[in-house]
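J.:
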Amino acid sequence: MDSLPGEIMVNILSRLPIKPLLRCKSVCKSFLNLTLDPYLIEAHLDRASSHDQNPSLILNTTVLNGTTHFRSQLYYTTLTPTQSNSPCEEVPFSPLNFGEFRIEGSCRGLLFLRHRTIDDFMFVVNPCTGKRIEIPKLVIPSCGVGRGIAFGFSPTGNEYKVVKVIDGSASYVFSLSEGVWREAVGGASSFKISENFESDECVCLNGVIHWSCYSPSNFIVCFDVGNELFGVIPYPAGIATQAAIFDVTKYGAKADGKSDISQALMSAWQGACASTTPSSIVLIPGGTYLLTAVNIVGPCRAPVGIQVQGTLLAPADPAQVKADAWITFEHIDQFTLSGNGILDGQGAIAWAHNDCGKNANCGPIPMNLRFNFVTNSVVRDITSKDSKNFHVNLLGCNNFSFQHFTISAPETSLNTDGIHIGRSTGVNITDTNIMTGDDCVSIGDGSQQINVERVTCGPGHGISIGSLGKFKDESPVVGVTVRNCTLTNTQNGVRVKSWPSSPAPGTASDMHFEDIIMNNVGNPVLIDQEYCPWNQCNLKNPSLVQISRASFKKIRGTTSTKLAVKLICSSSNPCQNVEVGDIDLTYTGKEGGAATSQCANIKPILSGNQNPATCADSAQSS
Amino acid sequence: MASSIENNNEKLTLKSSDGEEFLVEKHVALQSTLLQNMLDSDCSSADVIPLPKIDARTLALVLGYCKKHADASSSKQGELNSFDSEFLKDMDMGALFNLVLAANFMEIKGLLDIAAQKIADTIKDKPHQEVREIFHVENDYTPEEEAAVREENRWAFEGFP
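Going down the list, the sequences are from chains A and B.
Read in order, the letters of the first sequence correspond to residues 18 to 639 in my numbering.
Read in order, the letters of the second sequence correspond to residues 48 to 208 in my numbering.
1) Can you tell me whether DSSP reads glutamine 287 of chain A as helix, strand or coil?
2) For a contact defined as C-beta to C-beta under 7 Å, what are the partners of serine 123 of chain A on chain B?
3) Grab the span of the alpha helix (DSSP H) containing phenylalanine 134 of chain B for me, first residue to last.
4) Looking only at C-alpha atoms, which of A:Ile226, A:Val513, A:Cys554 sits nearest to valine 180 of chain A?
5) Identify the contact partners of aspartate 44 of chain A in chain B, using a Cβ-Cβ distance below 7 Å as the criterion.
6) What does isoleucine 29 of chain A reach in chain E if we use C-beta pairs closer than 7 Å?
7) Under the DSSP definition of a beta bridge, which residues are partnered with leucine 504 of chain A?
8) With DSSP collapsed to three states, give me the class of glutamine 553 of chain A.
9) Where are the beta strand (DSSP E) runs, 3 residues long or more, that stay fully inside the stretch 308-332 of chain A, in chain order?
10) Once DSSP output is grouped into helix, strand and coil, what is the label at methionine 138 of chain B?
11) Check each candidate in A:Asp334, A:Asn618, A:Thr392, A:Pro629 and name the one with the smallest Cα separation from asparagine 415 of chain A.
12) To the nearest angstrom, how far is it from the Cα of valine 184 of chain B to the Cα of glutamate 245 of chain A?
13) Starting from arginine 197 of chain B and walking both ways along the alpha helix (DSSP H), at which residues does that stretch end?
14) On a Cα-Cα basis, can you pick out the residue from A:Ile451, A:Ser441, A:Pro476 that is closest to isoleucine 460 of chain A?
15) Only counting runs of 3 or more residues, tell me where the beta strand (DSSP E) segments fall wholly within the stretch 82-111 of chain B, in order along the chain.
16) Could you give the distance in angstroms between the alpha-carbon of serine 206 of chain A and the alpha-carbon of threonine 433 of chain A?
17) Taking Cβ-Cβ distances shorter than 9 Å, what residues in chain B pair up with cysteine 41 of chain A?
18) Report all residues from its chain with a CB closer than 7 Å to the CB of aspartate 139 of chain B; omit the five preceding and five following residues, and keep chain order.
19) Answer yes or no: does any C-beta atom of chain A fall closer than 8 Å to that of phenylalanine 207 of chain B?
20) Can you confirm whether valine 147 of chain B, when its beta carbon is compared against all beta carbons of chain A, has any partner nearer than 8 Å?
21) Using CA atoms only, rank isn't needed, just tell me which of B:Lys62, B:Lys100, B:Glu191 is closest to leucine 148 of chain B.
22) Rounded to a whole number of angstroms, what is the C-alpha to C-alpha distance between tyrosine 252 of chain A and alanine 187 of chain A?
23) Taking only the alpha-carbon atoms, compute the straight-line gap between proline 335 of chain A and glycine 243 of chain A and give it to the nearest angstrom.
24) So that I know if they touch, is there some Cβ in chain B lying closer than 8 Å to that of serine 207 of chain A?
25) Tell me which same chain residues have a C-beta within less than 8 Å of the C-beta of leucine 21 of chain A, skipping the five on either side of it?
26) Could you name the residues of the stretch 184-198 of chain B whose beta carbon sits closer than 7 Å to any beta carbon of chain A, in the order they occur along the chain?
27) So, is histidine 68 of chain A buried or exposed, given that buried needs 16 or more other C-beta atoms within 10 angstroms?
28) Are the C-beta of phenylalanine 134 of chain B and some C-beta of chain A separated by less than 8 Å?
29) For chain A, check one thing: does any of its Cβ atoms lie closer than 8 Å to the Cβ of alanine 142 of chain B?
30) Among B:Leu143, B:His175, B:Glu177, which one has its Cα closest to the Cα of glutamine 164 of chain B?
31) Just to confirm the assignment, what range does the alpha helix (DSSP H) spanning proline 251 of chain A have?
32) With DSSP as the reference, identify every bridge partner of tyrosine 548 of chain A, one or two as the case may be.
33) Could you please give the first and the last residue of the uninterrupted beta strand (DSSP E) stretch that includes lysine 570 of chain A?
34) Let me check you understand the geometry: is the CB of valine 511 of chain A closer than 7 Å to at least one non-hydrogen atom of the ligand GTP?
35) With the cut-off set at 8 Å, would you say cysteine 457 of chain A and glycine 486 of chain A are in Cβ contact?
36) What is the rounded straight-line gap between the Cα of glycine 126 of chain A and the Cα of serine 425 of chain A?
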């Protein structure tokens, strides 16, 4: 029997799933040629994208490779309605590393990829076969800034094209079939491209590329891939206008980890802050940037945010940060700091030279983030790492939330309090993980309505109110709730502390600690009104801070110090209305034996389980 | 010419490569685009239409398919689908190849589709060595060339010899 003619073979092979099709390349040379036949590729794509066949889905994933390196990989899976567990196939990319590329667009089965740092390293890839075509570098006489680049398919011309729009109303086209860059046939003359044409998103549909543009006002720029003509569609009336994005890399920031981006960040911020479009965003894209120090100052004309996707590095030498904070935010309303990026204070050198414990006149050491008088605002998702001093300091803030925030520094780093709250009202810290060298959360004077929930702490020094009573013009602390928190291997648990010999009276009231899990925690429950680290204080006179209406409830787990519940109040101002209930703490240290409790100047209201028996030892000794 | 098509009772004769003649109702023959074009252009003046590439066994199968599809009303798609799958069920590769060639020559799209799909389904889980045998093709790769092609598509060969 004769073999089947080519057209029938193409018909048969176009019906194969991708893997059997690739295996057919090994049958013989004529089969290999058949698989490269444009008609076969066309027919295969048509079948793969028709609704009655099994459509495929491309998944772009990022996985942790080892402990520090992320690896991106593409997978494709066939969606079969009857099979819930379709197998996923990794798309071959070797010898290139897919992680170095971002997907700029996809159209009719092909992906358009661009290198993350080498701007003009681009190629078009067929994710099923792994076959790719590199797009050559576009050499143009003018020096305009690239505004938009997109990839599209024209069903009429049956052609794939990459189009690049340049400032100054020029546009260039690279057709995969022609293989060279040239000016668009229709020319940009069909549409005067605004110099402010700004877009990050585009989609190709029915042979027309659509860019959604947010600047100067919201509109859609269209490009017909077939006749290469531009057009504009206004945004429909009544839909919310898109937030304006101010990308620092468009203001000169370089992601090389060496060039200071403070100027670029300030320029982008001034643009966002002046924008009347709500929720304008300053974007710091992926990559590593050096930032010396900045003051981000409001007020702004509309709600505004900064989104950090990359890693910001502070200079390692504290002297190079010529301010008391690396990044200061001041006088901003409705501000959002978000993104999965990292703010790295590079604090190791600063910690080694920190002598502020012993030297009262030590030089200022910059903290990572300072928020002064910032209101109705949110810090979300971001990570503060290795701050030289406190990670975050809040002063005069109102209605301020931390959500899914992460703080990370070594256990041995000096003075790296996680979040310090001072003279602020309505601060919520939720779903936040804090690992640091000092207090995870410290709440200073003048704090009101502070809510700490679902926070993990450790390593660190615990969650504390105070130290209070050191200065003479301190404001009261009123209303602190710490609930559903877990502390692990911390020096202290939950505590209220004040210095002895206060220069003036003060108060701390309505403080509630509830549902706290202690894992190997030192001093898990502690009121210490004789707080005197490094012995830099005078213990002769009592603290004048009046503690009242406090509770410690449902606190359970293990204690690393035998003394688990220590309530030492001021002899001049004994604690009032302190409830202690349902405490279950087991001592796991070397000395062995049961956990103990010691009290002074307090008559707590006891309820529920008491392990250890609260104030039992003090009662015996007194 | 149009009047001749409209008369459903008219018949025509098809002659296979091995000389056998088949009397076919015109509306059945119209399933074939080739025959339809011949009738439209009045090329059918001859009494017998020769089909020199199709043997009698294959032509009988093709005409069985055409009759079923010509006679079935459009509302019976489900019935036609089960006929189609039953039609090819136990057919050997040789018969399938003849059928796909005949369908291609006579331009019967539905039959070409199901026959090509059946062949594709048969080879899709087979190693490429077996695909060679099915299509009667020689391996004209040198061992080095074959290894290179295979290496390029290594992921497609997981679990295959």
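Cβ atoms here follow ideal geometry from the backbone N, Cα and C, with glycine treated the same way.
Quantities reported herein were computed from a predicted structural model and do not represent experimental measurements.
T.: Let me lay it out:
1) Here residue 287 of chain A refers to the residue found at position 270 when the first sequence is read from its first residue. In the structure shown, glutamine 287 of chain A sits in a helix (DSSP, three-state: H, G or I).
2) Locating residue 123 of chain A in the first sequence gives position 106, counting from the first residue. Within chain B, no residue comes near serine 123 of chain A; the closest Cβ sits about 21 Å away, beyond 7 Å.
3) Working through the second sequence from its first residue, we reach residue 134 of chain B at position 87. 124-135 is the extent of the alpha helix (DSSP H) around phenylalanine 134 of chain B.
4) Here residue 180 of chain A is taken as the residue at index 163 of the first sequence, counted from 1. Nearest of A:Ile226, A:Val513, A:Cys554 to valine 180 of chain A, Cα basis: A:Ile226.
5) By one-based count along the first sequence, residue 44 of chain A stands at place 27. Reading off the sequence shown, one finds valine at residue 44 of chain A, where the question assumed aspartate. What valine 44 of chain A touches in chain B: His175, Val178, Arg179, Val184.
6) Judged by its chain identifiers, the structure shown contains no chain E, and its protein chains are A and B.
7) For this step, residue 504 of chain A is matched to residue 487 along the first sequence. Leucine 504 of chain A pairs with A:Cys474, A:Met535.
8) Numbered from 1 along the first sequence, position 536 holds the residue referred to as residue 553 of chain A. Three-state result, glutamine 553 of chain A: coil.
9) 311-314, 321-325, 328-330
10) Start at 1 with the first residue of the second sequence, and residue 138 of chain B comes out as number 91. Looking at methionine 138 of chain B - three-state DSSP - the assignment turns out to be coil, as it is neither helix nor strand.
11) As a working note, residue 415 of chain A is residue 398 in the first sequence. Here the closest residue by C-alpha is A:Thr392.
12) Here the question's residue 184 of chain B lines up with position 137 in the second sequence. Here the question's residue 245 of chain A lines up with position 228 in the first sequence. So the alpha carbons of these two residues sit roughly 46 Å apart.
13) Counting from one through the second sequence, the residue named residue 197 of chain B turns up at place 150. Here the alpha helix (DSSP H) through arginine 197 of chain B covers 190-199.
14) Within the first sequence, numbered from 1, the residue matching residue 460 of chain A stands at position 443. The candidate whose alpha carbon is nearest that of isoleucine 460 of chain A is A:Ser441.
15) 95-97
16) Stepping through the first sequence from its first residue, residue 206 of chain A is reached at position 189. Stepping through the first sequence from its first residue, residue 433 of chain A is reached at position 416. Confidence at serine 206 of chain A is low in this model, with a pLDDT of 49, below 50, so its placement is unreliable and no value can be given for it.
17) Taking the first residue of the first sequence as position 1, residue 41 of chain A is located at position 24. Result: Ile170, His175, Val178.
18) For the purposes of this step, residue 139 of chain B is taken as residue 92 along the second sequence, with counting starting at 1. Correct list: empty, nothing qualifies.
19) Start at 1 with the first residue of the second sequence, and residue 207 of chain B comes out as number 160. By this cut-off, phenylalanine 207 of chain B is an interface position.
20) Taking the second sequence and counting its residues from 1, the one referred to as residue 147 of chain B is at position 100. Chain A, which has a Cβ nearer than 8 Å to the Cβ of valine 147 of chain B, makes this yes.
21) Along the second sequence, read from residue 1 onward, the residue named residue 148 of chain B stands at position 101. Measuring from the Cα of leucine 148 of chain B, the nearest candidate turns out to be B:Lys100.
22) Within the first sequence, numbered from 1, the residue matching residue 252 of chain A stands at position 235. Within the first sequence, numbered from 1, the residue matching residue 187 of chain A stands at position 170. So the two alpha carbons sit approximately 24 Å from each other.
23) Position 318 of the first sequence, counting from 1, holds the residue named residue 335 of chain A. Position 226 of the first sequence, counting from 1, holds the residue named residue 243 of chain A. If you take the alpha carbons of proline 335 of chain A and glycine 243 of chain A, they lie about 58 Å apart.
24) Position 190 of the first sequence holds residue 207 of chain A. Summary for serine 207 of chain A: the model assigns pLDDT 49, below 50, so the residue's position carries little reliability; its value from the coordinates is reported in the next sentence. Answer no: the Cβ-Cβ gap between serine 207 of chain A and chain B never drops below 8 Å.
25) Position 4 of the first sequence, counted from the first residue, corresponds to residue 21 of chain A. Taken in chain order, the residues that qualify are Ile29.
26) Val184, Glu185, Asn186, Asp187, Tyr188, Glu193, Val196, Arg197
27) The count along the first sequence starts at 1 and reaches residue 68 of chain A at position 51. Caution applies to histidine 68 of chain A, whose pLDDT of 48 falls short of 50 and renders its modelled position unreliable; the value that the coordinates give is listed next. Classification of histidine 68 of chain A: exposed, given that the 10 Å Cβ count is below 16.
28) For the purposes of this step, residue 134 of chain B is identified with residue 87 of the second sequence, where counting begins at 1. With 8 Å as the cut-off, phenylalanine 134 of chain B does not count as an interface residue toward chain A.
29) The residue you call residue 142 of chain B lines up with position 95 of the second sequence. Judged by the 8 Å Cβ criterion, alanine 142 of chain B is not in contact with chain A.
30) On the second sequence, position 117 is the one that residue 164 of chain B refers to. The candidate whose alpha carbon is nearest that of glutamine 164 of chain B is B:Leu143.
31) Here residue 251 of chain A refers to the residue found at position 234 when the first sequence is read from its first residue. Careful: proline 251 of chain A lies outside any alpha helix (DSSP H), inside the beta strand (DSSP E) at 247-251.
32) Here residue 548 of chain A refers to the residue found at position 531 when the first sequence is read from its first residue. DSSP output for tyrosine 548 of chain A lists no bridge partner at all.
33) Residue mapping note: residue 570 of chain A aligns to position 553 of the first sequence, counting from 1. Run containing lysine 570 of chain A: 562-576, per the beta strand (DSSP E) assignment.
34) Ligands are entirely absent from the displayed structure, and the ligand GTP is therefore not among its contents.
35) Taking the first sequence and counting its residues from 1, one reaches residue 457 of chain A at position 440. Taking the first sequence and counting its residues from 1, one reaches residue 486 of chain A at position 469. No; because the gap between Cβ atoms is not below 8 Å, this pair is not in contact.
36) Within the first sequence, residue 126 of chain A is the residue found at index 109, counting from 1. Within the first sequence, residue 425 of chain A is the residue found at index 408, counting from 1. So the two alpha carbons sit approximately 42 Å from each other.
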